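Below is one structure, written out as structure tokens; the observations come after it.
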Amino acid sequence: MNAPDAIPPSTASRLPADLLARLGALLGERFTLAAAVRAQHGKDESYHAAAAPDAVAFVRSTEEVQAVVKACAEHRVPVIAFGTGTGLEGHVAALHGGVTIDLSQMNRVLAVHEGDLDVQIEAGVTRKQLNAHLRDSGLFFPIDPGADASLGGMAATRASGTNAVRYGTMRENVLGLTVVLSDGSVIKTGGRARKSAAGYDLTRVFVGSEGTLGVITEVTLRLYGIPQAISAAVCAFPTIEDAVNTVIETIQSGIPVARIELVDEVQLDAINRYSKLDYVVQPTLFFEFHGTEAGVMEQVEMVKAITTEHGGSAFRWAMQAEDRNKLWQARHNAYYAALALRPGAKGWATDVCVPISRLADCISETKREIRESKMLAPLVGHVGDGNFHLTYVIDPNNPAEMETAQRLNERMVHRALAMGGTCTGEHGVGYGKIDFVEAEHGPAVDAMRRIKRAFDPDNIMNPGKILRM
Ligand SMILES: Cc1cc2nc3c(=O)[nH]c(=O)nc-3n(C[C@H](O)[C@H](O)[C@H](O)COP(=O)(O)OP(=O)(O)OC[C@H]3O[C@@H](n4cnc5c(N)ncnc54)[C@H](O)[C@@H]3O)c2cc1C
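As structure tokens, then:
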């Protein structure tokens, strides 16, 4: 299961007394050794084995992060950044113990520049909090992982979501960062300019680095104007191939859909039950169109023509904001809906991404293998990007099931790689996909190791994640 060889027992006594005294004096009650708090910070939302840190530091400023990292660096104690803990690949497990830095109290929106369409925030601000703050400005931030994750965590995992087909991922939407490095020094990367040709692009080195190169304390993000017109619709198809071919043609035709999400029949049934909806239980696409009234109508007509060609049903519309929110919340709850199909089971969520022309082949082959294995594994996808997800709904105490899930997962990843794709489009590596990084990047992994050593020579920043050193 890609689990580390040994997860050391976590005991507070492993931290040097000097470190305990310094961090206690710095943070008071915001530095804690409480077992329940440590346990909560050693696990994410995945089935991966948890590993509690030795202590948790709740920070409120870049200076406090700096002081915590500096003290840990002096003692070569690992430091694990923690946003909201919604990662899916064991990202926050303290595999080698250490101090977890919880950034949830760094949750201030520092500056909204409406005229420039950008915002500066502290890393603990969550995506929903940011959009609530922006509500009256006519602006919004589009990246929307299913969970209400922190924007620091989203930058750290290079997250995306249902809007990425139109607005891009965190890679395209982070303009600049403030980062505390492994020796406690602070740097600013990027800036507020829309483009820059000045030097190495350090912003994109830290975006997706999963806390292994530094702790992000502030983020500058692009914003967008709320479109004049927004329409959402649901369309069912006779087969999953029909649905996926609709997506491929829509993208290849250059129709600027804002969202185009695939839900297979197993996942749709789960969504209906969990969110008390009554969609037809068939492979289905959820669409959203943004633009002017005329632009949206044009997009709708073009997409309708493609869906009709592929046997799609009439569109079921969600015109009012309230109905659209209901629709997308149901989509965002897909993971919990899948888990609810089998009470007591755990979710093994995994994602791959392939070039759009290979999407139908990749999904059809993957679905065939799931059917043959009799595994319960609903499928959803941000398919406009060529990205899809499976949730194996499993009993982790059943070795046969775990073995089947592992085999299917490995085969899906290698299938995606053979098609020119990636082992993860958005969830990231953590320690769950660490072996696949080597398979995907080959000798380039050595170059990544050199970057890691340059930024973190003592390997204290979230050790055991992304790369085997
Ligand atoms: C129901 C559900 C749906 C999801 N849907 C999506 C989806 O559609 N798209 C998607 O991309 N992901 C999705 N995810 C995964 C998850 O929400 C994202 O990976 C998210 O970006 C994690 O943010 P977080 O604040 O929870 O980070 P955490 O889980 O707390 O941390 C994740 C990683 O980032 C590092 N990190 C966190 N904060 C910082 C920081 N300030 N500085 C440096 N490193 C940091 C951590 O050390 C860790 O390695 C989903 C998860 C769930 C449970």
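Just so you know, we're using the working numbering here: the sequence shown kicks off at 1016 and counts up by one.
Glycine included, C-beta positions come from ideal geometry on N, C-alpha and C.
Source: prediction; values computed, not measured.
Taking residue 1237 as the centre and dropping the five residues before and after it, the same chain places the C-beta of 1132, 1133, 1188 and 1190 closer than 7 Å to its C-beta, in chain order. Of the other Cβ atoms in all chains shown, 16 or more fall within 10 Å of the Cβ of residue 1478; this residue is therefore buried. Take residue 1369, set aside five residues on each side of it, and the residues of its chain with a beta-carbon closer than 6 Å to its own are 1377, 1401, 1431, 1434 and 1436, in chain order. The beta carbon of residue 1230 sits closer than 7 Å to at least one heavy atom of ligand 1. Ranked by Cα distance from residue 1429, the options 1331, 1153, 1453 and 1328 are led by 1453.
Here residue 1353 has 1282, 1285, 1362, 1393, 1406 and 1408 as same chain residues with Cβ atoms under 7 Å from its own Cβ, once five neighbours each way along the sequence are excluded. The way I'd put it, the stretch 1086 to 1101 doesn't touch the stretch 1200 to 1219; fewer than three beta-carbon pairs between them come closer than 8 Å.
For residue 1282, the three-state secondary structure derived from DSSP is helix. Under the DSSP assignment, residue 1314 falls in the alpha helix (DSSP H) whose first and last residues are 1308 to 1324. The Cβ neighbour count for residue 1104, taken over all protein chains shown within 10 Å, is at least 16; the residue is labelled buried. Between residue 1480 and residue 1225, the CB-CB gap stays under 8 Å. With respect to the C-alpha of residue 1325, the residue from 1037, 1298, 1098 and 1156 having the closest C-alpha is 1298.
Around the Cβ of residue 1202, a 10 Å sphere holds fewer than 16 other Cβ atoms; the residue is exposed. For the pair residue 1367 and residue 1307, the CB atoms are not nearer than the 8 Å cut-off.
Proximity of the beta carbon of residue 1417 to ligand 1 is not indicated: no heavy atom of the ligand is located closer than 7 Å.
Annotation note: the stretch 1152 to 1203 contains the following uninterrupted beta strand (DSSP E) runs of length 3 or greater, listed N- to C-terminal: 1189 to 1196. Just measuring C-alpha positions, the residue of 1163, 1164 and 1146 sitting nearest residue 1156 is 1146. When secondary structure is reduced to three states using DSSP, residue 1335 falls in the coil class, being assigned neither helix nor strand. Distance from the Cα of residue 1207 is smallest, within the candidate group 1037, 1233 and 1223, for 1233. Distance between residue 1044 and residue 1077, taken at the CA atoms: about 18 Å. Counting along the chain, residue 1438 sits inside no alpha helix (DSSP H), nor does DSSP assign it H or E at all. Pairing residue 1035 with residue 1047, the inter-Cα distance amounts to about 10 Å.
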